[in-house]
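Asks: Note that this note's numbering has the sequence shown beginning at 765, numbered continuously upward. Handing you this structure, nothing more for now.
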Amino acid sequence: MQRPASTKQKISRGCFMAQGLYLKANGELPCWDDVGEKKILRTLDFDALKEGREPNIINSAELTSIRRSFAEGRYPHADLCSRCAVNQAGLPVSSTRISTLEVLHVEPSYLCHLSCPQCVPQKLRKSLKKPPYHLPADGYDAFLGQIKREGIEEIKLVIFEGRGDPLNNAQMSDLIKITKEHYPSAHTCITTHGSFPFKDWIAESELDVLRVSCDGAYPESYERYRIGGKLDRVLEFMRQSKSSTRERDLPLYVEWKYILFEWNDSDEELAHAGRLADEMGVQLRFCRTHSPGRSQRFLKAADLRAVLPRLAPRASLDLTFQLKDEEDFALVDAVRDEQIRSLVAAATTALAKGDQAEAKRSLHGAFALDPGLADQTEWTSVDAAILAAQAAAEQIALPTTASGLAGLASTLSHHAAVARLLERYLALLPRADDRVVVRREILMRQALIAEEEDLPHEADRLLMQLVGGVSEPETLFDRAATVISNPGILSGLANIALKRGLLFEAATLFEKYAAVAPQAPDVARVLDCARDIRFSLGFVGTIESEPRKDTADAPEPLPTMVVIDALEPTPAAAVASQPAPTREAAVALPPPAAPAAPAAPAAPAAPAAEQIALPNTAALLAGLASALSLHAAMGALLERCLALVPGTSEADGLRQEILMQKALVAEQARRFGDAPHGEAAGRRP
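See the structure below:
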């Protein structure tokens, strides 16, 4: 975070205390939980609260002074604020009166049976604080009732954590229930070390997020920091928490928070943590820290981002407050953002596995978390959900929702939805760091739409704007292969080239995709597709070198019905659903024999059609057979396409084309005798 160089420099944002509160288990209201915890603004009397005798809290002199100071651009406590981790972590302050708490931080318990190095030792706790050590439920109820009467209409986020572990409070389930009774829309989160037996109330309560701090995937590294804890107990706690919510069809989001230290950051351990998280069905979140012993491998977020796709592709990143900058603090909705991101990712994974029910369940959860989509849940399929989001894009409240759903729409080839959702993302975050990339992605989607609607001139106009430096469409794809490095745009361009029959350009763009995204899960299959195309190109060259009897018969463009259906919109969406081919299985057309009437070249690939492994290969070769009017070969290859991709949206059209080719073969046999592959059969009647 860029903090003022001196306490005299004017500041532009408040801290969490300007729009929030921190309530300790014993009634203390400290100035948040970093260095400000040394400054106790006030101590509430729970008996006075219950009897209605407690003075005003929200508009007390202490809190009003904090808001006034930030509104005037100065620190309220100069000696503490410049050293505080949440300094300027809040929103800009313009008034001393508030009606919304962005964050309510609640410490349910001061006690903990672990002795983590950066926390209060377990044996010293009771000697450092006076009771009560557990927040009383009736006192908390009275507290929320009073701040509501004082004008707090909404609390966005309630975080249950503190110096002790929340689950040490036997009334923890009541605290969640009381929160929802007073503020039903409040998002609730518990942070625990998880060294407890699982209890049913955890899954059955209205808790939104259960965050479990578990810093290691092996016992020896975990116990080095979580002194007194047992890894197997924590893993079982997470496993039961998640399985119980699934059994009850409840929306609790379980997150594994893994702080990175020098002793738990090896590739082997991070990958093992990723596998454990996948097996349990929880969201793994690696956290960089400022604390002693912090990981030296991952001092920068970019270092961690570089290895996660390989080691733990479904994990996310976080960092402690002391490492955050202004962008990390931009929204207090960060907890909800992460939950939405994870739910959309889970829906995408479930969809790839063919589990529509799980995909819909995850999407319902994501929709419910965004205020703009909470009432858009009357859909019955993932496709319908994407169309509903597209129609309600203007109502989406969180950028994470818009970008996450755009990614899911991309895998389903809903180009219009992708473009609309990305436009909403930019409307919500006009200064987003990735805004240039997003605008280019929108242009790519608009070009794909134009191509689908058979508007090549409009597609060319959009693509030339996207690629830049092109005045003629003829040079568009060559330049794109040179200057474009975004994998998604490269794959979109490759598919348009493929649809237009520009095989060389398509292969070049797919190869460029593999070069710029070598870690992509589909890269091997994309390279297989590119090699198949180049293999076919070699055969085309052989055909063109052969003398033709009737040069007036120009070959027709390659049909694109299966090629595009199989590959669009990106190699990831296309190739991932196909069986991994071997080079031997990728059968292509053999060179034809020299024409001589009435004998003819053998039918290309038809006898080996059943061996073809990729629908793209069969479709490309069917196109070549069409160009040569080899009807029997084309029919056999299209039948193979249909066998490989039986659920294609163009299945009816394929069947009609196959019937047509068979009719042409029969007509040729009638006219020229039983020689469907003869010279006469190689030309249209």
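No residue lacks a Cβ here, since even glycine has one placed at the ideal position from N, Cα and C.
#1: May I have the straight-line CA-CA distance separating residue 1293 from residue 1063, to the nearest angstrom?
#2: From this set, 1236, 1177, 954, which residue's C-alpha is nearest residue 1255's C-alpha?
#3: Should the region 1188–1206 be called in touch with the region 1246–1255, which here means at least 3 C-beta pairs below 8 Å?
#4: Using a threshold of 8 Å, state whether the C-beta atoms of residue 1296 and residue 1384 are closer than that.
#5: Measuring CA to CA, which of 914, 1010, 999, 905 is closest to residue 936?
#6: Where does the unbroken beta strand (DSSP E) through residue 1175 begin, and where does it stop?
#7: Using the three-state DSSP reduction, which class does residue 883 fall into: helix, strand or coil?
#8: Helix, strand or coil: how does DSSP classify residue 1299 here?
#9: When burial is assigned at 16 or more other CB atoms within 10 Å of the CB, is residue 1449 buried or exposed?
#10: Drop a sphere of 10 angstroms on the beta-carbon of residue 776, count the other beta-carbons inside from all chains shown, and report buried for 16 or more, exposed for fewer.
#11: Where does residue 1247 land, buried or exposed, given buried means 16+ other C-beta within 10 angstroms?
#12: Can you tell me whether residue 1031 is helix, strand or coil according to DSSP?
#13: Considering residue 1399, what are the terminal residues of the alpha helix (DSSP H) in which it resides?
#14: Considering only C-alpha positions, which residue in the set 1400, 1278, 1195 is nearest to residue 1386?
#15: Under 8 Å between the Cβ atoms of residue 880 and residue 982?
#16: Helix, strand or coil, according to DSSP, for residue 1139 in the structure here?
#17: Which whole-angstrom value describes the C-beta separation of residue 1020 and residue 985, a residue pair presumed to lie in contact below a C-beta threshold of 8 Å?
#18: Going along the chain, which residues of its own chain have a beta-carbon closer than 7 Å to the beta-carbon of residue 821, five neighbours each way excluded?
#19: For residue 953, which of 969, 789, 945 has the nearest alpha-carbon?
#20: Across which residues does DSSP place residue 1021 in a beta bridge pair?
#21: Between residue 1180 and the rest of its own chain, which residues show a CB-CB distance below 8 Å, the 5 nearest in sequence each way excluded?
#22: Between residue 1243 and the rest of its own chain, which residues show a CB-CB distance below 7 Å, the 5 nearest in sequence each way excluded?
#23: Please confirm whether residue 1270 and residue 1279 have their CB atoms less than 8 Å apart.
#24: Should residue 1067 and residue 1022 be called a contact, given that it needs their Cβ atoms to be closer than 8 Å?
#25: Comparing C-alpha positions only, which one of 858, 901, 873, 918 sits nearest to residue 894?
#26: Please report the residue range of the beta strand (DSSP E) in which residue 786 lies.
#27: Is residue 907 helix, strand or coil by DSSP?
#28: Exposed or buried, what is residue 1425 when buried is set at 16 or more other beta-carbons lying within 10 Å of its beta-carbon?
#29: Rounded to whole angstroms, what is the Cα-Cα separation between residue 866 and residue 1024?
#30: So, for residue 785: in the same chain, excluding its five sequence neighbours on each side, which residues have a beta-carbon less than 6 Å away from its beta-carbon?
#31: With a cut-off of 8 Å on the beta carbons, I'd call residue 922 and residue 950 a contact; round off their distance for me.
#32: Is residue 953 helix, strand or coil by DSSP?
#33: Would the beta-carbon of residue 1047 fall within 8 Å of that of residue 1080?
#34: Rounded to a whole number of angstroms, what is the C-alpha to C-alpha distance between residue 1405 and residue 1116?
#35: Smallest Cα separation from residue 1065: which of 1150, 1378, 1051?
#36: Short of 8 Å in beta carbon distance, which residues of its chain neighbour residue 898, apart from the five on each side in sequence? Order them along the chain.
Replies: Judging by the given coordinates:
#1: Rounded to whole angstroms, the separation of the alpha carbons of residue 1063 and residue 1293 is 39 Å.
#2: Taking only the C-alpha atoms, the option nearest residue 1255 is 1177.
#3: Touching, yes, given that three or more Cβ pairs across the two stretches are closer than 8 Å.
#4: Cβ atoms of residue 1296 and residue 1384: closer than 8 Å.
#5: Nearest C-alpha to residue 936: 905.
#6: Per DSSP, residue 1175 belongs to no beta strand (DSSP E); it is in the alpha helix (DSSP H), 1163–1175.
#7: DSSP places residue 883 in coil when its eight states are reduced to three.
#8: The answer is helix: DSSP assigns residue 1299 an H, G or I state.
#9: At residue 1449, the pLDDT of 30 sits below 50, so the modelled position is not reliable; the number obtained from the coordinates is stated separately. The residue is exposed, with fewer than 16 neighbouring Cβ atoms inside 10 Å.
#10: When all chains shown are included, residue 776 counts as exposed.
#11: So residue 1247 counts as exposed.
#12: Helix.
#13: That run of the alpha helix (DSSP H) goes 1395–1408.
#14: Comparing Cα positions, the closest option is 1400.
#15: For the pair residue 880 and residue 982, the CB atoms are not nearer than the 8 Å cut-off.
#16: Residue 1139: coil per DSSP, three-state reduction.
#17: About 14 Å separates the two Cβ atoms, so there is no contact after all.
#18: The residues are 910, 911, 914.
#19: Residue nearest to residue 953 within the set 969, 789, 945 is 969 (criterion: CA-CA distance).
#20: As computed with DSSP, residue 1021 is found in a beta bridge with 977, 1049.
#21: The beta carbon of residue 1180 sits closer than 8 Å to those of 1154, 1209, 1213, all from its chain and outside the five residues before and after it, given in chain order.
#22: The answer, listed in chain order, is 1231, 1233, 1234.
#23: Not a contact, by the Cβ cut-off of 8 Å.
#24: Taking a C-beta distance under 8 Å as the contact criterion, residue 1067 and residue 1022 do not qualify as a contact pair.
#25: The shortest Cα separation from residue 894 among 858, 901, 873, 918 belongs to 873.
#26: For residue 786, the enclosing beta strand (DSSP E) starts and ends at 784–787.
#27: Looking at residue 907 - three-state DSSP - the assignment turns out to be helix.
#28: Label assigned to residue 1425: buried.
#29: Their Cα atoms are separated by approximately 28 Å.
#30: So the qualifying residues of the chain are 868.
#31: So it is a contact: roughly 5 Å between Cβ atoms.
#32: DSSP places residue 953 in strand when its eight states are reduced to three.
#33: Yes, the Cβ-Cβ distance between residue 1047 and residue 1080 is below 8 Å.
#34: Distance between the alpha carbons of residue 1405 and residue 1116: 21 Å.
#35: In terms of CA proximity to residue 1065, 1051 leads the group 1150, 1378, 1051.
#36: Around residue 898, the same chain offers 789, 872, 873, 874, 875, 932, 933, 934, 935 as residues with beta carbons nearer than 8 Å, after the five sequence neighbours per side are excluded.
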